[in-house]
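Q: Encoded as structure tokens, here's the structure I'll be asking about.
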Amino acid sequence: MDEKYCTNDDPDQPTGIVYLVGGGPGDPGLLTLRGRDYLGRADVVVYDRLANNQLLDYAPRAHFIDVGKAADHHTVPQDQINEILIREARHGKIVVRLKGGDPFVFGRGGEEAQALAEAGIPFEIVPGVTSAIAVPAYAGIPVTHRGIANSVAFVTGHCAGPDTLDLNWQALAQGVDTVVFLMGVHNLSSIVSSMLQAGRSQDTPVALIEQGTLPEQKVVVGKLDGILDQAAEIKPPAIFIVGEVVNLHSILTWFHPETELVSE
Ligand code: SAH
6 MDEKYCTNDD PDQPTGIVYL VGGGPGDPGL LTLRGRDYLG RADVVVYDRL ANNQLLDYAP
66 RAHFIDVGKA ADHHTVPQDQ INEILIREAR HGKIVVRLKG GDPFVFGRGG EEAQALAEAG
126 IPFEIVPGVT SAIAVPAYAG IPVTHRGIAN SVAFVTGHCA GPDTLDLNWQ ALAQGVDTVV
186 FLMGVHNLSS IVSSMLQAGR SQDTPVALIE QGTLPEQKVV VGKLDGILDQ AAEIKPPAIF
246 IVGEVVNLHS ILTWFHPETE LVSE
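According to this note's numbering, the residues represented by the sequence shown are 6 to 269, in order.
Shown next, in the form of structure tokens:
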């Protein structure tokens with residue numbers, strides 16, 4: 006392990022660093038070894054609600070800063086999060102910015118890294134297991150499958166009203182085998198109607214997976230044109246997956262959380 010940034014024992018020359026660590030999709034066992042190692046060394050952990058709080062146990066010597074984000078509501082604005090990271094690193098601290106899933110997949114990790122780069126703060130990225138792949142996997146849905154899906158797109162469903170989110174619906178509906186929407190619960194009806202209007206078949210199998218990889222996991226499986234009627238109970242965080250691979254769920258279900266499936 007490279008120790009070059011971890012020597013902050015010279016009081017005249019504090020050399021802090023920020024590790025942007027992907028905490029994985031929920032199941033704490035999906036944290037990487039490097040992520041666990043950096044948590045163990047951290048002086049400060051800056052975290053939000055998407056990363057499993059159990060991971061904080063790996064940071065026994067750290068001071069914790071909760072910048073928790075509720076859906077659609079940033080409890081601490083992004084520029085303040087950036088400032089916290091910069092401030093702590095300038096104090097010579099080893100800072101872990103713990104993020105849900107992968108830091109660079111819809112996690113604003115890129116923006117945080119940009120702010121650190123502009124401020125001249127050393128940083129490292131520790132990729133994480135993204136919910137975009139792991140949550141379907143825990144529902145027995147491979148995002149690609151030979152003969153069924155050769156392509157997959159990860160798409161934000163946040164602000165997915167056709168007027169507000171500039172998505173190429175035609176390309177998604179007709180050119181991509183598996184489409185995985187993150188942050189799509191609030192805009193589900195807009196996503197569904199956009200996909201249908203852009204030419205995706207109404208019979209396309211779809212799944213909604215809430216709290217994937219966790220004991221609270223809920224899976225709803227249906228067809229593109231009927232899923233809205235089944236979706237009432239689904240709350241964020243959830244993944245919406247569109248494509249023929251969803252049919253494999255009935256064969257490949259392997260994870261049996263404590264709660265029952267909402268429907269099949
Ligand atoms: N960087 C994260 C994504 C952040 S965006 C990653 O790589 O996973 C937040 C969205 O991720 C949520 O709205 C939801 O769509 C998805 N998500 C994260 N964890 C999830 C989980 N355990 N179950 C279902 N969806 C999840």
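All C-beta atoms, glycine included, are put in the ideal place defined by N, C-alpha and C.
Please classify HIS96: is it buried, with 16 or more other beta-carbons within 10 angstroms of its beta-carbon, or exposed?
A: Flag for HIS96 reads exposed.
Q: Tell me the rounded alpha-carbon separation between ALA165 and VAL26.
A: Any reading at ALA165 must be qualified, since the residue scores a pLDDT of 49, below 50, and its modelled position is unreliable; the value itself is stated next. Their backbone Cα atoms lie some 28 Å apart in a straight line.
Q: Relative to the C-alpha of GLN175, which candidate in MET200, ASN192, VAL190 has its C-alpha closest?
A: Answer by Cα proximity: MET200.
Q: Flag PRO108 as yes if its beta-carbon sits less than 8 Å from any beta-carbon of chain C, otherwise no.
A: Judged by its chain identifiers, the structure shown contains no chain C, having just a single protein chain.
Q: Classify ASP234 as buried or exposed, calling it buried when 16 or more other Cβ atoms lie within 10 Å of its own Cβ.
A: Exposed, because fewer than 16 other Cβ atoms sit within 10 Å of the Cβ of ASP234.
Q: For LEU257, I'd like the list of residues in its chain whose CB is within less than 6 Å of its CB, leaving aside the five on either flank, ordered along the chain.
A: Around LEU257: GLY145.
Q: The alpha helix (DSSP H) with ASP234 in it runs from where to where?
A: Taken as a continuous stretch (DSSP letters only), the alpha helix (DSSP H) holding ASP234 covers 232-235.
Q: Verify the contact flag: PHE260, CB atom, against every heavy atom of ligand 1, threshold strictly below 7 Å.
A: False, no ligand heavy atom lies under 7 Å from that Cβ.
Q: Inspect the beta-carbon positions of PRO30 and THR218 and report whether they are closer than 8 Å.
A: It is a contact, given that the beta carbons lie within the stated cut-off.
Q: May I have the straight-line CA-CA distance separating GLY114 from SER156, to the nearest angstrom?
A: Roughly 25 Å between the two C-alpha positions.
Q: Please state whether DSSP places ALA165 in a helix, a strand or coil.
A: Confidence in ALA165 is poor, its pLDDT being 49 and thus under 50, which makes the residue's placement unreliable; the coordinate value appears in the next sentence. Three-state DSSP puts ALA165 in coil, outside helix and strand.
Q: For ASP62, I'd like the list of residues in its chain whose CB is within less than 7 Å of its CB, leaving aside the five on either flank, ordered along the chain.
A: Same-chain partners within the cutoff: there are none.
Q: Between PRO128 and ligand 1, is the CB less than 7 Å from at least one heavy atom?
A: Here the sequence assigns Phe to residue 128, which means Pro is not the residue at that position. Because no heavy atom of ligand 1 lies under 7 Å away, the Cβ of PHE128 does not count as near it: no.
Q: Out of GLN179, TYR143, GLY152, which one is the CA nearest neighbour of ALA158?
A: Closest by alpha carbon: GLN179.
Q: Rounded to whole angstroms, how far is the Cβ of THR149 from the Cβ of GLY106, which I believe are closer than 8 Å?
A: Wrong, their Cβ atoms sit about 18 Å apart, outside the cutoff.
Q: Quick one: is the Cβ of THR218 within less than 7 Å of any heavy atom of ligand 1?
A: Correct: THR218 has its Cβ closer than 7 Å to ligand 1.
Q: For THR80, count neighbouring Cβ atoms within 10 angstroms of its own Cβ and tell me buried if that reaches 16, exposed if not.
A: It counts as exposed.
Q: Going by DSSP, what residue range makes up the alpha helix (DSSP H) through ILE86?
A: Note, ILE86: alpha helix (DSSP H), 83-95.
Q: Please state the DSSP three-state secondary structure of PRO210.
A: Looking at PRO210 - three-state DSSP - the assignment turns out to be strand.
Q: Run the proximity test for LYS240: is its beta-carbon closer than 7 Å to any non-hydrogen atom belonging to ligand 1?
A: No; taking the cut-off as 7 Å, the Cβ of LYS240 has no heavy atom of ligand 1 nearer than that.
Q: Kindly indicate which three-state DSSP category GLU117 falls into: helix, strand or coil?
A: Note: GLU117 maps to helix in three-state DSSP.
Q: State the DSSP-derived secondary structure class of GLU249, mapped to helix, strand or coil.
A: Helix.
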